[in-house]
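> Please see the structure below; I have some questions.
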Amino acid sequence: MWIGDAIFLLVVIPAVVIILRRVLTPAVEIGAYVEDITEHGAQFAPHLGALSELTTTRDLVKEVNADLERYVRALERVG
Amino acid sequence: MEPAHIVLLIAVAIAVIAIAGHLIAVAVILKRVVDNLTVVLGAVQAVTETAQPVGAIIDEINRDLDSGRKLIENGVERLEEGRAPVGAQAEEPSRHAVAESAPDTAESAPDTVGGGSGTATAAPPAPGDVDADRFDQPAPERKRGWFNRDA
Chain C
1 MWIGDAIFLL VVIPAVVIIL RRVLTPAVEI GAYVEDITEH GAQFAPHLGA
51 LSELTTTRDL VKEVNADLER YVRALERVG
Chain G
1 MEPAHIVLLI AVAIAVIAIA GHLIAVAVIL KRVVDNLTVV LGAVQAVTET
51 AQPVGAIIDE INRDLDSGRK LIENGVERLE EGRAPVGAQA EEPSRHAVAE
101 SAPDTAESAP DTVGGGSGTA TAAPPAPGDV DADRFDQPAP ERKRGWFNRD
151 A
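Each protein sequence line maps, in turn, to chains C and G. For the first sequence, the working numbering gives the first residue as 1, with consecutive numbering after it. For the second sequence, the working numbering gives the first residue as 1, with consecutive numbering after it.
Here's what the structure looks like:
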């Protein structure tokens, strides 16, 4: 009986702890990576705020085209 | 109960506590991972919704810019066709413009009048009886014009 206790205490429990450590260590690393992703991924959206200005750019380009057409016609009248 | 049984129970309790502690730690980490991934997923969805119409808008901007470029090219071509003679003269710069752009070189030029800025070229005068013998020998390089004639 004592031999079984000794094997359980000196072999089985350390083996279980080692195996659980090998599960826990990657989980901790995954947690750190995910926190890093969250920290930098949350900054992703504000950097794309200028995309909403593209509609203004499109409208301004249309206005420039109309003015450009008038300008070219005026130049042709002058020339 | 024998002492060996008590030791066994203690060992089993230690093993159970170790397993439970590790599993709880893993569960806590996975819960935090799920929360963070939910935040990231929301941000990615927001980015996707923001960037979804960008392609169409950029295509429209490119079409407008292309039509503007063609408009300018056509206008410039028509203007160049209408002003072709003037453009042909403008391609060869006049000597007057050259003299104005470089007045110091105009002073050293042999056949410029006045030697200053805004000079004009002058044709040599018709030879008279006095200069008739000068045509028999080649004229010196810097004495060709009437304004360089020795007194």
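Where is the CB? At the ideal position from N, CA and C, for every residue including glycine.
With a threshold of 8 Å between beta-carbons, can Gly55(G) be considered close to chain C, or not?
Taking the second sequence and counting its residues from 1, one reaches residue 55(G) at position 55. False, the Cβ-Cβ gap to chain C never drops below 8 Å.
> Against chain G, with Cβ distances strictly below 8 Å, would Glu107(C) count as a contact?
For residue 107(C) there is no data in the structure shown, the boundaries of chain C being 1 and 79.
> Given a threshold of 16 other Cβ atoms within 10 Å of its Cβ, counted over all protein chains shown, does Asp141(C) qualify as buried or as exposed?
This structure does not reach residue 141(C), given that chain C is present from 1 up to 79, and the question cannot be answered.
> Does any CB atom of chain G fall closer than 8 Å to the CB of Arg70(C)?
Here residue 70(C) is taken as the residue at index 70 of the first sequence, counted from 1. No, Arg70(C) lies away from the interface with chain G (no Cβ there is under 8 Å from its Cβ).
> Rounding to the nearest angstrom, what Cα-Cα distance links Gln45(G) and Val39(G) in this structure?
In the second sequence, counting from the first residue as 1, residue 45(G) sits at position 45. In the second sequence, counting from the first residue as 1, residue 39(G) sits at position 39. Using only the alpha carbons, I get a separation of about 10 Å.
> Give a yes or no on whether the C-beta atoms belonging to Ile14(G) and Ile13(C) are separated by under 8 Å.
For the purposes of this step, residue 14(G) is identified with residue 14 of the second sequence, where counting begins at 1. For the purposes of this step, residue 13(C) is identified with residue 13 of the first sequence, where counting begins at 1. Cβ atoms of Ile14(G) and Ile13(C): closer than 8 Å.
> Identify, in the order they occur along the chain, each residue of the same chain with its Cβ nearer than 6 Å to the Cβ of Val17(C), setting aside the five sequence neighbours on each side.
Position 17 of the first sequence, counted from the start, is the residue given in the question as residue 17(C). Same-chain partners within the cutoff: there are none.
> For chain C, check one thing: does any of its Cβ atoms lie closer than 8 Å to the Cβ of Ala90(G)?
Here residue 90(G) corresponds to residue number 90 of the second sequence, with the count starting at 1. In this prediction, Ala90(G) has a pLDDT of 46, which is less than 50 and means its spatial position is unreliable; what the coordinates show is noted afterwards. Taking Cβ atoms only, chain C never reaches closer than 8 Å to Ala90(G), which makes this a no.
> Pull up the CB-CB distance for Leu10(C) and Ala18(G), whole angstroms please, since I reckon it's below 8 Å.
Within the first sequence, the letter at position 10 stands for residue 10(C). Within the second sequence, the letter at position 18 stands for residue 18(G). 14 Å between Cβ atoms; not a contact.
> Which stretch, first to last residue, makes up the alpha helix (DSSP H) that contains Arg83(G)?
Taking the first residue of the second sequence as 1, we reach residue 83(G) at position 83. Careful: Arg83(G) lies outside any alpha helix (DSSP H) and carries neither H nor E.
> Have a look at Glu53(C) and Val47(G) and give me their C-alpha separation to the nearest angstrom.
Translated into positions along the first sequence, residue 53(C) becomes position 53. Translated into positions along the second sequence, residue 47(G) becomes position 47. Going by the C-alpha atoms only, they are around 15 Å apart.
> Please list, in chain order, the chain G residues whose beta carbon lies closer than 8 Å to that of Val11(C).
Sequence index remark: in the first sequence, residue 11(C) carries index 11 (1-based). By Cβ distance, chain G contributes nothing, its closest Cβ being about 11 Å from Val11(C), past 8 Å.
> Measuring CB to CB, does Gly75(G) end up less than 8 Å from Asn65(C)?
Residue 75(G) sits at position 75 when you count from the first residue of the second sequence. Residue 65(C) sits at position 65 when you count from the first residue of the first sequence. Not closer than 8 Å, so no.
> Flag Ala13(G) as yes if its beta-carbon sits less than 8 Å from any beta-carbon of chain C, otherwise no.
Walking along the second sequence from the start, residue 13(G) turns up at place 13. Cβ-Cβ to chain C under 8 Å: no for Ala13(G).
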